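S.K.:
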Amino acid sequence: MSREEMLETFAALYAREPERLSKQVRIEQALRQAVTRHWAPGSRLPAHRALAERIGCARQTLALAIDTLLTEELLRTSHGQGTWVRRRAPAPNPSPLSTPLSRRARQVLRAPGSSAIQSGAFMPGIPDIAQFPMRRWRQLYTSVTVAQNALLLSYSTGGYGPLKRAIRDFLARWRHLDCDVDQIIITDGTHNGIELCAMALTDTGDTVAMESPCYWGARNIFTAAGLELALLPWDPVRGHRLPAKPPPVALAYLTGTHHYPLSEPASARHKGQLCEALAPGYVLEDDYEFTEGDHEALLFDPASPRHLLVGSFSKMMFPGLRLGYLVVPRHLAEPMNRLRSELFREGRMLDQAVLAQFIFDGDLDHWCRRIQRDYLGRQQVLHDQLASLPGVKRVSPPSSTISLCVEFEPGIDDVAIAQALLQEHLIVRALSPVCAEHDHRTGLVMGVGMLSGETLNREVLRLRHCLAALLRTP
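As numbered in full-length UniProt numbering, residues 1 to 474 make up the sequence shown, in order.
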């Protein structure tokens, strides 16, 4: 590739990065994509001055971005002689003495799970972190990290007391739930809460009922726990499709008020009918995405001896927070708290203290209402542009959540389309890999958290153009 072609590639990749990101981050991501996907190993980069001039940035900003890639060993440099794309060393042959992964681990890794790419246009499951009030968060963090708060450096038992009270009040305001503080267990995010339920409420070989399409993260946790999965197709009109002879079910895992990944409003009536037919030992609802006023779609009852609710602040605020909650029946509160302490230990007390104050001061309520209004507008933009495409059967109705699902007509290869879009740096997930074998739906799961304003409009038009071409291809 010539020097001019390398400059053109870099400039094009930089232009695709969301404008709400800092210039240095945009340069880093553009360089990373160029180095790993476009520029050949051993290629010499154009002069730093030429790179900076091509995108109109200061040379110091470019130098900081290049330093990051040097640290990641994607580039190498020699003083006064230039910068090169590092040649990748050939992968070593596996040692015959190395121990292979367990069957459970291999089964999890064969299934579609977390992608190595965790950012980009339309990446599902990522909230808007650019607009989050980080300055306020830093102020609260400074206020709790004082000398007299040394106890915040220790373990906790079931979670930080003030945070549990704040969550109780938050659930009363937003979900109309009246639960005791003792019923709330603080977790390290939703996955940790689901894993705790799998360990506490099921034994190896038990069956877990899940909806199809399913949330792949929960499926992987149950698989790793050695549980059998019964995937039951669900749609918003007919509800769940039950087998003629349902197996004995130890745990039913259901989405909350919005089905994920279909992004359709859920139904308490459908969930009630399913539980009546299956008679599971316990019912776990994942309140993954919700909006104010949709609480009636929850089946969860704090007074029930078999209902549990899991939730996370990562999707409301920012993914790196990794704090969530689990609301359990009163008779399970003490043993599940002890089990959590024995299995996972507990900590993150500083983060828990900051989050408690963030909720008490009304910052979380204000943030949720503000960003959910934004999400509704963004979803409307995607819905209007994609619903009329040939081959698109349905686009989930606009809501105030971060997810959107585009369902295709039968027979369309959504996996191939998702891979083709990845080459255009449009990050989506295929729907079919998370459907049951007898559930033949195909489509794309995408998010609206990473894009806004003119960047959203531009990227949606680009997505529409790429999808139109791919859907015309046999």
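Note that the Cβ used here is the ideal one computed from N, Cα and C, for glycine as well.
Keep in mind the model is a prediction, meaning the values are calculated, not measured.
1. Roughly how many angstroms lie between the CA atoms of A387 and H440, to the nearest whole one?
2. How close, in whole Å, do the beta carbons of L323 and F313 come, if the pair is a contact with beta carbons under 8 Å?
3. Going by the beta-carbon positions, is the gap between R429 and M450 smaller than 9 Å?
4. Starting from Y253, trace the alpha helix (DSSP H) in both directions and tell me its first and last residue.
5. So, is R338 buried or exposed, given that buried needs 16 or more other C-beta atoms within 10 angstroms?
6. Find the nearest neighbour of V395 within the set L431, H425 and G411, judged by alpha-carbon distance.
7. In the structure shown, what three-state DSSP assignment does V208 receive?
8. Between the Cα of E437 and the Cα atoms of R135, S22, L64 and L231, which residue gives the shortest distance?
9. For the beta strand (DSSP E) containing P233, name the first residue and the last one.
10. Under 8 Å, with one C-beta from each stretch per pair, do the segment 190 to 202 and the segment 398 to 412 reach the 3-pair mark?
11. Pick helix, strand or coil for K393, following the three-state DSSP scheme.
12. In the segment 158 to 202, which residue ranges form an unbroken beta strand (DSSP E) of at least 3 residues, counting only runs that do not cross its ends?
13. Spatial neighbours of Y141 within its chain, please: C-beta separation below 8 Å, excluding the five flanking residues on both sides.
14. List the endpoints of the continuous alpha helix (DSSP H) containing E454.
15. Go to Y375, then tell me how far its alpha helix (DSSP H) extends in each direction, as first and last residue.
16. Is it buried or exposed, H425, if we count other Cβ atoms within 10 angstroms and call 16 or more buried?
17. Per DSSP, what kind of secondary structure is M317 in: helix, strand or coil?
18. What three-state label does DSSP hand H259 in the structure shown?
19. Could you tell me whether the segment 278 to 289 touches the segment 240 to 249, using the rule of 3 or more Cβ pairs below 8 Å?
20. My parser needs the beta strand (DSSP E) runs of 3 or more residues fully inside the UniProt domain "HTH gntR-type" (21 to 88); what are they?
21. Could you work out which residue in R3, R16 and A166 is closest to residue 479 when comparing CA atoms only?
22. So V354 is in the alpha helix (DSSP H); what residue range does that whole segment cover?
23. From L31 to Q81, what does the alpha carbon distance come to, in whole angstroms?
24. Quick one: what's got a C-beta closer than 8 Å to residue 495's C-beta in the same chain, skipping five residues either side?
25. In angstroms, rounded to a whole number, what distance separates the CA positions of G159 and V181?
26. Would the beta-carbon of P265 fall within 9 Å of that of T257?
27. Is the distance from the Cβ of A468 to the Cβ of P390 below 9 Å?
28. Cβ of R165 versus every heavy atom of the ligand FAD: is any distance shorter than 8 Å?
29. Does the Cβ-Cβ distance between C405 and L444 come in under 9 Å?
30. Just to check my reading of the structure: T255 and Y215 have Cβ atoms closer than 8 Å, yes? What is that Cβ distance to the nearest angstrom?
31. Quick one, are the C-beta atoms of P261 and V415 less than 9 Å apart?
32. Report buried or exposed for V237, applying the criterion of at least 16 other Cβ atoms within 10 angstroms of its Cβ.
33. Take the Cβ of D361 as the centre, count every other Cβ of all protein chains shown within 10 Å, and call the residue buried at 16 or more, exposed below.
34. Distance, Cα to Cα, I359 vs R173?
35. How would you call P335, buried or exposed, if buried means at least 16 neighbouring beta carbons within 10 angstroms?
36. Please report the residue range of the alpha helix (DSSP H) in which S341 lies.
M.R.: Well, looking at it:
1. Each residue's alpha carbon lies about 20 Å from the other.
2. Confirmed, Cβ separation roughly 5 Å.
3. Result no, Cβ atoms of R429 and M450 do not sit closer than 9 Å.
4. That residue, Y253, is in no alpha helix (DSSP H); its beta strand (DSSP E) goes L251 to T255.
5. The Cβ neighbour count for R338, taken over all protein chains shown within 10 Å, is under 16; the residue is labelled exposed.
6. Per the Cα distances, L431.
7. Of the three classes helix, strand and coil, the one that applies to V208 here is strand, per DSSP.
8. Among R135, S22, L64 and L231, the Cα nearest to that of E437 belongs to L231.
9. That run of the beta strand (DSSP E) goes E228 to D235.
10. They do not touch, by the three-pair rule.
11. Note: K393 maps to strand in three-state DSSP.
12. DSSP assignment within the segment 158 to 202 yields the following whole beta strand (DSSP E) runs of 3 residues or more, N-terminal first: 184 to 187.
13. L350 and V354.
14. Boundaries of the alpha helix (DSSP H) harbouring E454: G453 to R472, taken from the DSSP string.
15. For Y375, the enclosing alpha helix (DSSP H) stretches over residues D363 to L386.
16. Buried, because 16 or more other Cβ atoms sit within 10 Å of the Cβ of H425.
17. Here M317 sits in coil by DSSP.
18. Coil.
19. Yes, the segment 278 to 289 touches the segment 240 to 249.
20. For secondary structure counted as the beta strand (DSSP E) over 3 or more consecutive residues, the UniProt domain "HTH gntR-type" (21 to 88) holds these complete runs in sequence order: 75 to 78 and 82 to 85.
21. For the chain, the structure presents residues 1 to 474; residue 479 sits outside this window and is missing.
22. Residues M349 to F360.
23. When the Cα atoms are used, L31 and Q81 turn out to be separated by approximately 19 Å.
24. No answer is possible for residue 495: the residues shown for the chain start at 1 and end at 474.
25. Between G159 and V181, the C-alpha separation is close to 10 Å.
26. Yes, the Cβ-Cβ distance between P265 and T257 is below 9 Å.
27. It is a contact, given that the beta carbons lie within the stated cut-off.
28. Inclusion of the ligand FAD in the displayed structure is not the case, the ligand content being empty and no account of it being possible.
29. The answer is yes: Cβ separation under 9 Å.
30. About 7 Å; that satisfies the 8 Å criterion.
31. No, these two residues do not count as a Cβ contact at 9 Å.
32. Counting C-beta atoms within 10 angstroms of its own C-beta, V237 has fewer than 16 neighbours from the protein chains shown and is therefore classed as exposed.
33. Within a 10 Å sphere around the beta-carbon of D361 sit fewer than 16 other beta-carbons, which makes this residue exposed.
34. Taking the straight line joining both Cα atoms gives about 12 Å.
35. The residue is exposed, with fewer than 16 neighbouring Cβ atoms inside 10 Å.
36. Note, S341: alpha helix (DSSP H), R330 to F344.
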